[in-house]
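Engineer:
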Amino acid sequence: LSQQRQQASLSFHMDDFIKAVKRVEAQDPGSKPVAVLKRLRRAAGLNDAFIQHFLSDAAASGPELEANLSAYVHKAVHHSVQEDAREEGVVLTSDGTTVALRPLLL
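FYI, in this note's numbering the residues of the sequence shown are 1118 to 1223.
(1) Could you tell me the boundaries of the beta strand (DSSP E) in which A1217 lies?
(2) Under the DSSP definition of a beta bridge, which residues are partnered with L1223?
(3) Between the region 1166-1183 and the region 1196-1211, do at least 3 Cβ pairs fall closer than 8 Å?
(4) Give a yes or no on contact between the region 1130-1150 and the region 1161-1171, applying the rule of three or more CB pairs nearer than 8 Å.
(5) Taking the alpha helix (DSSP H) that L1157 falls in, what are its first and last residues?
(6) What is the DSSP secondary structure of H1191, counted as helix, strand or coil?
(7) Rounded to a whole number of angstroms, what is the C-alpha to C-alpha distance between Q1120 and L1186?
(8) Answer with buried or exposed for A1166, where buried requires no fewer than 16 other C-beta atoms within 10 angstroms of its C-beta.
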C-alpha cells in the first residue's frame, strides 16, 4: 500500500523524478552511480544496439525495478509532442522550465 501511495504521489516535476532515482538507489544500496544509471536506462527502454555499442548493455545491471517505478521512469523519459501540443517526456523544474530527461540518461 505504501508503494502505491508513493507512485500516486509522483508527478512530472524534477523533484519527483529525483525521488524516483533515490528509490532506485535504495533498492540496491551500495551500488555505483553507473549501475543506477544502467537500471534507469533499462527501465526507460534505452538499450538499443546503438546505445549498447557506445554505453554498454544495461540489461544485466542489478535487480529489476518495481513495476510501478519502472513504468514511471519509462513514461518520464520518452519525449514526444502530442497533437494537442502537450509535451511528454519532460519534467517541470522549480523555475517553471521543462527539461527532457532522455539526454540525461545517455
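The beta-carbon is built from N, C-alpha and C at its ideal position, and this holds for glycine as well. Given the structure is predicted, the values throughout are model-derived calculations rather than measurements.
Structural biologist: In short, the structure shows the following:
(1) Reading the sequence shown from its first residue, position 100 is the one you call residue 1217. Segment 1215-1217, the beta strand (DSSP E) holding A1217.
(2) The count along the sequence shown starts at 1 and reaches residue 1223 at position 106. The partner list for L1223 (beta bridge, DSSP) is empty, contrary to what the question assumes.
(3) no
(4) no
(5) Reading the sequence shown from its first residue, position 40 is the one you call residue 1157. Where L1157 is concerned, the enclosing alpha helix (DSSP H) stretches over 1150-1161.
(6) In the sequence shown, the residue the question calls residue 1191 occupies position 74. Looking at H1191 - three-state DSSP - the assignment turns out to be helix.
(7) In the sequence shown, residue 1120 corresponds to position 3, counting from 1. In the sequence shown, residue 1186 corresponds to position 69, counting from 1. With a pLDDT of 48 at Q1120, under the threshold of 50, the modelled position of that residue is not reliable, and the figure given next carries that caveat. Their Cα atoms are separated by approximately 9 Å.
(8) Here the question's residue 1166 lines up with position 49 in the sequence shown. Exposed, by the Cβ-count rule.
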